[in-house]
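Read in order, the letters of the sequence shown are residues -2 to 259 in this note's numbering. Input: a single structure, listed below in structure tokens.
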Amino acid sequence: MTSHAIDAGLILFREGMEAILVLAALSAFLQRAAPEQGRSLGFGALAGVGASLLAAAAFMAWRDGAHDDRLEGVVCLLAAGLMLWTGGWLARRSDPRAWTAELRRKTETAMASPRVGLAVGAIGFLAVFREGAETVLFLAALLRDAPSPAALLPGIAVAVVMLAALWFALTRLALRLPLRPLFLGTSVFLLVMAVRLAAAAVQEFQEQAMLPLDPIDLPRWADSLGLPDNLEQMAAMALVVVLAIPALAAGLRGGGARSAAA
-2 MTSHAIDAGL ILFREGMEAI LVLAALSAFL QRAAPEQGRS LGFGALAGVG ASLLAAAAFM
58 AWRDGAHDDR LEGVVCLLAA GLMLWTGGWL ARRSDPRAWT AELRRKTETA MASPRVGLAV
118 GAIGFLAVFR EGAETVLFLA ALLRDAPSPA ALLPGIAVAV VMLAALWFAL TRLALRLPLR
178 PLFLGTSVFL LVMAVRLAAA AVQEFQEQAM LPLDPIDLPR WADSLGLPDN LEQMAAMALV
238 VVLAIPALAA GLRGGGARSA AA
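Structure representation (structure tokens):
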């Protein structure tokens, strides 16, 4: 399996895992409070899957048109920013009790709505479509240097199987996941991807002469790690790292509970 397929699989699994955790928690709460609304949650989730697939199809249709490095640079930049934000959000909210309480509050608000079914369905839709839209953007950034969309398919297929197994384990076997290390681990993955995509965005703009290119001499160990050999890309990577440090520090020292409760 190529590195592109592995990255695609990890991205899809991470995004899908968050949606599944949200849906499993909401489903468990509804089974106790309003079991008749479980179908509304399911319909909303399926609608979110459909909307995500439509977004993916729209992107593929756009990508089959004229190639524009500037647009690819913008896609990479947006993906890097979203990964940085999402990774920081997860790190700051890595306390499972606060995370569960937040979901409970949202569900109780929906239950108080005069149109309960529609409100519950909307929660299911947004839980899936938000992750689906993020996945489309992230995979779009990966396609920048992939030989073809087919290169991502093996990783995507493995991720789909793993997500199905995770859903079965959570809903049928009542598996309890260690949310804190899981959230922190996926946060680190997203932040590493954000660093890579920030450099990729700068490279696209450099190729269009929109940004300068100042070469630097790298030591052999840095070159073997695949670090860029110019000042601008290194600066973009360093900026993402600096922005990520506060969120990771908050998560590691247990600040997630305070952040989520705020």
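Glycine included, C-beta positions come from ideal geometry on N, C-alpha and C.
| task | Can you give me the Cβ contacts of L79 inside the same chain, cut-off strictly under 7 Å, excluding the 5 residues immediately before and after it? | result | Excluding sequence neighbours, L79 sits near E131, L134.
| task | Decide if A258 is buried, meaning its Cβ has at least 16 other Cβ atoms within 10 Å, or exposed. | result | Since pLDDT at A258 reaches only 37, below the 50 mark, its modelled position is unreliable, and no value is offered.
| request: Could you check if R193 is buried or exposed, using at least 16 other CB atoms within 10 Å of its CB as the buried criterion? | output: buried
| request: Evaluate S37 with the Cβ neighbour count: other Cβ atoms within 10 Å of its Cβ, from every protein chain shown; 16 or more gives buried, anything less gives exposed. | output: buried
| request: Would you tell me roughly how many angstroms separate the C-alpha atoms of E15 and Q200, rounded to the nearest one? | output: 31 Å
| request: State the DSSP-derived secondary structure class of A232, mapped to helix, strand or coil. | output: helix
| Cβ neighbours of M(-2) in the same chain (closer than 6 Å, five flanking residues each side left out) | P151
| message | On the CB-based measure, 16 or more other CB atoms within 10 Å of its CB, does L260 come out buried or exposed? | response | The structure shown does not extend to residue 260, since the chain is modelled only from -2 through 259, so no value can be given for it.
| task | Could you tell me whether the Cβ atoms of F10 and L160 are closer together than 8 Å? | result | yes
| task | Could you have a look at P209 and say whether DSSP puts it in helix, strand or coil? | result | coil
| query | Taking the alpha-carbon positions, what's the L17 to W164 distance? | reply | Looking at the sequence provided, one finds Ile at residue 17 rather than Leu. Roughly 6 Å between the two C-alpha positions.
| query | At which residues does the alpha helix (DSSP H) containing A119 begin and terminate? | reply | Annotation: the continuous alpha helix (DSSP H) that includes A119 extends over 113 to 139.
| Among W218, F202, P225, nearest to V71 - alpha-carbon criterion | Nearest neighbour of V71 by Cα position, chosen from W218, F202, P225, turns out to be F202.
| Does the distance from the C-beta atom of G45 to that of G121 stay below 8 Å? | yes
| message | By the three-class DSSP mapping on this structure, what secondary structure does S256 have? | response | Any answer about S256 is weak, because its pLDDT of 41 lies below 50 and its placement is not dependable; what the coordinates show is given next. Helix at S256.
| Are G84 and A191 close, meaning C-beta to C-beta below 8 Å? | yes
| query | Taking C-alpha atoms, which residue in D4, L81, L68 lies nearest to L240? | reply | L81
| said: Quick check on DSSP: helix, strand or coil for V72? | reply: helix
| message | Suppose contacts are defined by Cβ-Cβ distances below 8 Å. Is H1 in contact with L224 by that definition? | response | no
| query | Would you call A206 buried or exposed, if buried means 16 or more other Cβ atoms sit within 10 Å of its Cβ? | reply | exposed
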